[in-house]
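Beneath this line is the structure, given in structure tokens, with notes to follow.
Chains as they are written, first to last, in our numbering: chain A, 1 to 393; chain B, 1001 to 1393.
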């Protein structure tokens, strides 16, 4: 690629002029949903039949079709991605007082779900290659910072049991699920995969969310497909699926008329009207992913030859859903990140940075953490670009 | 009223023949929603504009119109009634390890919400008049079973702090909110009103849900109005409303682009597509309540003169939404309750009993409890009758 002459323009000016000239009308939101299928028809059907709530055929249909798409044996639909993570953690056995390993670089829900389960997030760094947890570094960290106590892993410093790990596939790019699975197995950690951003992303030919005991998806309005608000947990473990399903309701024991409940239920079930939207969206999922991949090629054409930084492209061996397109500024431009974000927003281009590393947020300042230089570096340099599927005709 | 001659018929036969002959087509569900207004239009508007998720004008509109209807200054819409109760308990200051006083007779969510907040439900009995907590008995129980420790109330037996009370308005009939408020104030208890079943019910001219620090509604598919799944918290406390709103999202600090969060957020916000349904339903709420009240008159005509028991009519000084119509079997018929329920179900009449007293459920067997003879008696004798608004033309 040829080095371009920026003729005295600022980094922000170069980015803005390239985006406006070569990507097109960027004036909407950062990631808006696209409803081009049976959304109206299915939702209207809910209203006409009266089945809008947690009893209804669209919930079952959504779960079946989601499971089929990702290649899981079971899927349980719930009210959102946070509730999916929370419930998955509880169902795999995380208890109040435990610690759960999560990446410092993630949307806050990865840590909130741990806190909602009464546990403490224990942060680790991410890899500069995958932007997710790296299994080699994870093994080294776990070996040095945790100790085994009979069958459990204990944080040497806090003395608390470390019982699970929740890697996240950042912006839709799969991290090393298989490697992490091996570490989880070696050290006896439950493994919940935060695939909230990676519906439609594959690693080694397998869909994300299937490496661990359970995988979690989000169908928030800004995701690849949306149910308004929604989430799901997938698993190949029939017993875990039954427990998830039971706890996602009011944990009622089936009976013709008695109200008996054998556990504390979470009432996290997805309503039928949201599932109706989801079934319509799932029908378009292959097209929606293809649009994001086309959009990435458009960004490659627009920004591929500039020296200000590099586009985040899919890692070797993976197929990404490119949920959020991202541009990694060159190291020297980190101090200009905020000015670039502001200039783009002023120019009507909806951009955003990555999330502040979770170990710097007020509620998690006291949480244990490995050093996280890569998370901090990526946070200081990434500009997320407009990623609505409608940007591709 | 004249004593009828049952001519050797069983109690079940008398009830069934009366219901079929005088109430009409009872073949649907126990309490089905009625969509006769702008539901389709508003939901379609969400899909056409792309605003289906947590950002959208219907959420704000639903909150404003709900607050206006009940006469509250603030309303915060969330994913369901359980999440509303859970969030309200957290926001009024309930901490893990606390005890919270709840009625033994309620839908399980009243207790689950306490458990989800990491606290333990402490059960008390209900009144045979209101079917909810009685403030006189409550004062006596609190005075004898709890002790003051500086500013806190302590359960003498468990040693745990008792920090809140959650009365519930059973089947829509208001219990003694004002009396309970006085006890809560006297003993320094936070007061969350479980008005999940009582949207449209008033006591002393004031809507239920406004006596305490916060009141909670449910918009599940079987409620007076529905949003598919949904709930809301109302309050007149501006500071509490702000905290509820903040915690119901991801507790993000407003910023043009940074992702910073100053607390553990619950991600309980109601999606716009569900709120759209809610706005359409709220427009019909006065009519829906009037239908339930007419249905009650129809049941009075059908069952008012029989000696098998009595219909639950509104308590003096209250106006009930008659969410679920209920028939209280005469004491001698308690042993026949199950047979009556089965016979009605076999005849295609959707009935159900009250909930098993919560202090008898597996997850709460170890929870503290006052003696609860009234809850047990009502549970043994109440038959809830078909209550769909569509039963009235």
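Positions of the beta carbon are idealized from the N, C-alpha and C atoms, including for glycine.
_Contact set for residue 1034(B): own chain, Cβ-Cβ below 6 Å, skip 5 residues either direction_ = Answer for residue 1034(B): 1389, 1390, listed in chain order.
Legend entry - Residues of the segment 1342-1358 of chain B whose Cβ lies closer than 7 Å to any Cβ of chain A, in chain order: Here the close residues are 1345, 1352, 1353, 1355, 1356.
Exercise. Mind pulling the chain E residues with CB within less than 8 Å of residue 1047(B)?
Worked result: Looking at the structure shown, chain E is missing, and the protein chains on hand are A and B.
Q.
So that I know if they touch, is there some Cβ in chain A lying closer than 8 Å to that of residue 1025(B)?
A. No, residue 1025(B) does not count as interfacial toward chain A.
Practice task
Could you confirm whether any beta carbon from chain B is found closer than 8 Å to the beta carbon of residue 110(A)?
Solution key: Chain B, which has no Cβ nearer than 8 Å to the Cβ of residue 110(A), makes this no.
Contact defined as beta carbons within less than 8 Å: I believe residue 214(A) pairs with residue 178(A). What is the distance between those atoms, to the nearest angstrom? With 8 Å as the limit, residue 214(A) and residue 178(A) do not qualify as a contact, their Cβ atoms being about 16 Å apart.
**Request:** Below 8 Å CB to CB, which residues in the same chain sit around residue 1369(B) once its five sequence neighbours on both sides are set aside?
**Result:** 1104, 1122, 1123, 1124, 1359, listed in sequence order.
Q. Looking at the unbroken alpha helix (DSSP H) that takes in residue 296(A), where does it start and where does it end?
A. Per DSSP, residue 296(A) belongs to the alpha helix (DSSP H) from 285-303.
**Request:** Please report how far the alpha carbon of residue 93(A) lies from the alpha carbon of residue 332(A), in whole angstroms.
**Result:** Annotation: residue 93(A) to residue 332(A) spans about 45 Å, alpha carbon to alpha carbon.
Next on the checklist: Can you look up residue 417(A) in the DSSP assignment and give me helix, strand or coil?
Outcome noted: Absent from the model: residue 417(A). The displayed extent of chain A is 1 to 393, so no value can be given.
Item to check | Short Cβ contact (8 Å threshold) for residue 1385(B) with residue 1299(B) | outcome: Yes.
Closest Cβ-Cβ distance between residue 170(A) and chain B: below 8 Å? It does not; no Cβ of chain B falls within 8 Å.
Any chance the CB of residue 1359(B) is under 7 Å from a heavy atom of the ligand MG?
As far as ligands go, the structure on display features none, and thus does not contain the ligand MG.
Go to residue 1344(B), then tell me how far its alpha helix (DSSP H) extends in each direction, as first and last residue.
Element bounds for residue 1344(B): 1337-1346.
DSSP-derived helix/strand/coil call for residue 329(A): The answer is strand: DSSP assigns residue 329(A) an E or B state.
Worksheet entry | Per-residue DSSP class, three states only, for residue 1255(B) | It is coil, neither helix nor strand.
Exercise for the section: Just list the beta strand (DSSP E) runs in the segment 77-137 of chain A, keeping only unbroken ones of 3 residues or longer that don't cross its boundaries, in chain order. Expected result: Within the segment 77-137 of chain A, complete beta strand (DSSP E) segments of at least 3 residues are found at 99-103, 120-124, given in chain order.
How is residue 1260(B) classed by DSSP in three states: helix, strand or coil?
When secondary structure is reduced to three states using DSSP, residue 1260(B) falls in the coil class, being assigned neither helix nor strand.
- Task: Would you mind working out which of 163(A), 383(A), 255(A) sits nearest residue 114(A), comparing C-alpha positions?
- Result: Among 163(A), 383(A), 255(A), the Cα nearest to that of residue 114(A) is on 163(A).
Worksheet item: What separation, rounded to the nearest whole angstrom, lies between the Cα atoms of residue 1383(B) and residue 1350(B)?
Response: Residue 1383(B) and residue 1350(B) have their alpha carbons spaced roughly 10 Å apart.
Q | Cβ neighbour criterion (16 or more within 10 Å) applied to residue 49(A) | A | Residue 49(A) counts as exposed, since fewer than 16 other C-beta atoms from the protein chains shown sit within 10 angstroms of its C-beta.
Report task. Could you tell me whether any Cβ in chain B is nearer than 8 Å to the Cβ of residue 54(A)? Result -> Closer than 8 Å to some Cβ of chain B, the Cβ of residue 54(A) qualifies, so yes.
Q.
Considering only DSSP beta bridges, list what residue 1384(B) is partnered with.
A. Partner(s): 1326(B), 1352(B).
Using 10 angstroms around the beta-carbon of residue 1242(B), count the other beta-carbons present and answer buried if the total reaches 16, otherwise exposed. Exposed: under 16 other Cβ atoms inside 10 Å.
Straight-line Cα distance separating residue 1223(B) from residue 253(A): Using only the alpha carbons, I get a separation of about 22 Å.
| query | From residue 294(A) to residue 130(A), what distance separates their C-alpha atoms? | reply | Their Cα atoms are separated by approximately 21 Å.
Checklist entry - What number of angstroms, rounded off, separates the C-alpha of residue 1127(B) from the C-alpha of residue 1328(B)? => result Residue 1328(B) has its alpha-carbon roughly 14 Å from the corresponding atom of residue 1127(B).
First and last residue of the alpha helix (DSSP H) that includes residue 177(A)?
Here the alpha helix (DSSP H) through residue 177(A) covers 177-187.
_If I follow the unbroken beta strand (DSSP E) through residue 310(A), where does it start and stop?_
Boundaries of the beta strand (DSSP E) harbouring residue 310(A): 309-311, taken from the DSSP string.
Specify the secondary structure class of residue 59(A) as computed by DSSP and reduced to three states. Helix at residue 59(A).
*Find the residues of chain A that neighbour residue 1260(B), judging by a C-beta separation of less than 7 Å, and give them in chain order.*
Chain A residues near residue 1260(B): 356, 361.
| On the three-state DSSP scale, how would you describe residue 1278(B)? | Correct three-state label for residue 1278(B): helix.
Q) Can you list, in chain order, the residues of its chain whose CB lies under 7 Å from that of residue 1262(B), leaving out five sequence neighbours each side? A) 1251, 1253.
Roughly how many angstroms lie between the CA atoms of residue 311(A) and residue 338(A), to the nearest whole one? Roughly 18 Å between the two C-alpha positions.
Exercise for the section: Please list the partners that residue 257(A) has in chain B, where partner means a Cβ-to-Cβ separation under 9 Å. Expected result: Result: 1338, 1341, 1342, 1345, 1351, 1352, 1353.
Assuming residue 1112(B) and residue 265(A) make a contact with CB atoms under 8 Å, what is their CB distance in whole Å?
Rounded, the Cβ-Cβ distance is 6 Å, consistent with contact.
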